[in-house]
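Residue numbers (numbering that gives the first Met the number 0), protein chains in the order written: chain W, 0 to 185; chain V, 0 to 185. Using N, Cα and C, we set each Cβ at its ideal position, and we do this for glycine too. Fair warning: this is a prediction, and the values are worked out from it, not measured in the lab. To keep things clear, I will list the structure first and then write my remarks on it.
Protein chains: 2
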Amino acid sequence: MNGIDEKPLFNPELLRQIDWSVRKSSFKDGISPENPGKNLQLRPLMMDDYDQGFLNLLGQLTSVGEVTAAAFQKRFLAMKHCPNTYYVVVLEDTNKQQVIGSATLVIEQKFIHSTGCRGRIEDVVVSEDYRGQQLGKLLVETLTLLGKEVGCYKMSLECKEDNVRFYKCFGYTPDGQYFMVQRFSD
Amino acid sequence: MNGIDEKPLFNPELLRQIDWSVRKSSFKDGISPENPGKNLQLRPLMMDDYDQGFLNLLGQLTSVGEVTAAAFQKRFLAMKHCPNTYYVVVLEDTNKQQVIGSATLVIEQKFIHSTGCRGRIEDVVVSEDYRGQQLGKLLVETLTLLGKEVGCYKMSLECKEDNVRFYKCFGYTPDGQYFMVQRFSD
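Next comes the structure, spelled out in structure tokens:
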């Protein structure tokens with residue numbers, strides 16, 4: 000468990016520094032980043048999560064395609080080589096040694112807003128068998144507070160209409176901007 | 000003109016490699032990335048653009064705040080140290096040696112979509128005195144094609160309702176996702 004592939008994508012201390020007191024009351028059963036539930040651990044993505052079902056989990060969200068262990072590691076390291084940019088957190092079922100939840104905070108550096116930073120929540124997913132345990136809520140709240148912690152002036156996300164109400168609980172609101180997309184491939 | 004501060008944020012060759020033939024017909028007067036107009040040059044942001052009015056230009060878009068030359072350089076280098084991530088292009092009036100237009104392509108690396116990349120168009124601005132010369136259109140088209148060139152599976156942007164029609168010209172459409180925001184500071 001001490002090989003180089005155990006190294007986290009970002010410093011786990013950042014998760015411990017989050018001021019959870021402000022949100023504590025909105026979670027049942029004392030759930031927090033340090034205590035996500037029985038046999039569950041919230042932590043940064045690690046290099047060996049390829050073998051813990053991380054990509055299978057993402058497959059519940061969208062198309063993952065063929066990703067070899069080498070391709071996964073290459074992407075992991077490319078993210079890590081962008082300082083202060085990628086914060087992929089996962090929930091692990093420590094009994095099964097399987098990743099059963101994940102969400103990503105991506106930071107964009109700006110010149111505007113006093114060389115500020117903007118944060119985006121991406122790719123939020125909780126495995127089917129683990130829904131209804133406030134885990135999606137835990138992931139979003141953790142990354143929202145982490146975005147504040149690392150100095151973002153603004154956080155944003157895109158969601159389906161069905162999830163607008165869910166995200167409003169964390170302080171997100173539509174701000175009148177239109178979201179426009181074009182795809183070059185699936 | 001050969002000091003370290005002349006160095007571009009990204010390789011200028013990338014702009015020359017864009018396949019403009021596919022969009023050529025939608026621009027009047029033979030306007031292209033290589034020929035943006037009389038006394039105008041399209042190029043990557045450079046370290047010394049702090050002295051060419053780059054931040055004043057951004058001030059026409061939103062709040063820039065107090066940004067010293069040192070803070071600008073620090074942010075420029077931080078962006079440059081995230082490989083293949085920040086593509087800030089500017090339009091310079093070479094007669095006045097002033098930056099009169101700018102837009103940014105930011106790349107987000109993913110594990111999904113075969114470890115694909117997603118591109119976002121951010122902070123598009125053309126100085127008041129230079130509007131009506133297809134320069135905003137040139138900036139957006141250039142970055143959209145650049146996003147395709149560097150391998151994005153998807154491009155997106157947020158815009159005000161008034162600009163929805165403008166961005167539709169480049170192939171962007173609302174995709175039914177809701178854009179949600181929260182601000183921690185101005």
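- The beta carbon of residue 63 (chain V) is closer than 7 angstroms to those of 54 and 57 in its chain, skipping five residues each way along the sequence.
- Going by DSSP, residue 86 (chain W) is part of the beta strand (DSSP E) stretching over 85 to 92.
- Look at the segment 90 to 108 of chain W: the residues with a C-beta under 8 angstroms from a C-beta of chain V are 105, 107 and 108.
- Using a Cβ-Cβ cut-off of 8 angstroms, residue 173 (chain V) is close to 177, 178, 179 and 180 of chain W, given in chain order.
- In the DSSP assignment, no residue is bridged to residue 46 (chain V).
- Check the Cα spacing between residue 79 (chain V) and each of V:10, V:171 and V:184: the tightest is with V:10.
- The segment 105 to 122 of chain W and the segment 136 to 146 of chain W touch, with three or more beta-carbon pairs separated by less than 8 angstroms.
- Residue contact with chain W for residue 71 (chain V): present (Cβ-Cβ distance below 8 angstroms to some residue of chain W).
- Among the residues of chain W, those whose CB is under 7 angstroms from the CB of residue 156 (chain V) are 179, following chain order.
- In the DSSP annotation of this structure, the continuous segment of the alpha helix (DSSP H) that includes residue 113 (chain V) starts and ends at 111 to 114.
- DSSP, read as helix, strand or coil, puts residue 96 (chain W) in coil.
- Remark: C-beta atoms of residue 123 (chain W) and residue 139 (chain W) approach each other more closely than 8 angstroms.
- Residue environment analysis places residue 185 (chain W) among the exposed positions, since fewer than 16 neighbouring C-beta atoms fall within 10 angstroms of its C-beta.
- Annotation: residue 169 (chain W) is outside any beta strand (DSSP E) and is labelled neither H nor E by DSSP.
- According to DSSP, residue pairing for residue 118 (chain V) in a beta bridge involves V:106 and V:154.
- By the neighbour-count criterion, in which 16 or more other beta carbons inside 10 Å mark a residue as buried, residue 84 (chain V) falls on the buried side.
- If you look at residue 181 (chain W), you'll find it in the beta strand (DSSP E) that goes 177 to 182.
- Annotation: Cβ neighbours of residue 61 (chain W) in chain V (cutoff 9 angstroms, chain order): 111 and 112.
- In this structure, DSSP gives residue 101 (chain V) an extended state, which the three-state scheme calls strand.
- Using beta-carbon distances, residue 7 (chain V) does not count as an interface residue toward chain W, since no partner is under 8 angstroms.
- Taking a cut-off of 8 angstroms for Cβ pairs, the segment 163 to 181 of chain V and the segment 168 to 176 of chain W touch, as three or more such pairs fall below it.
- Taking C-alpha positions only, residue 59 (chain V) is separated from residue 74 (chain V) by approximately 20 angstroms.
- Residue 21 (chain W) carries a helical assignment under DSSP once its states are collapsed to helix, strand and coil.
- Taking 8 angstroms as the threshold, the shortest C-beta distance from residue 64 (chain W) to chain V falls below it.
- The residue from V:48, V:142 and V:91 with its alpha-carbon nearest to that of residue 68 (chain V) is V:48.
- Taking C-beta separations shorter than 6 angstroms and ignoring five residues to either side along the sequence, the partners of residue 166 (chain W) in its chain run 158, following chain order.
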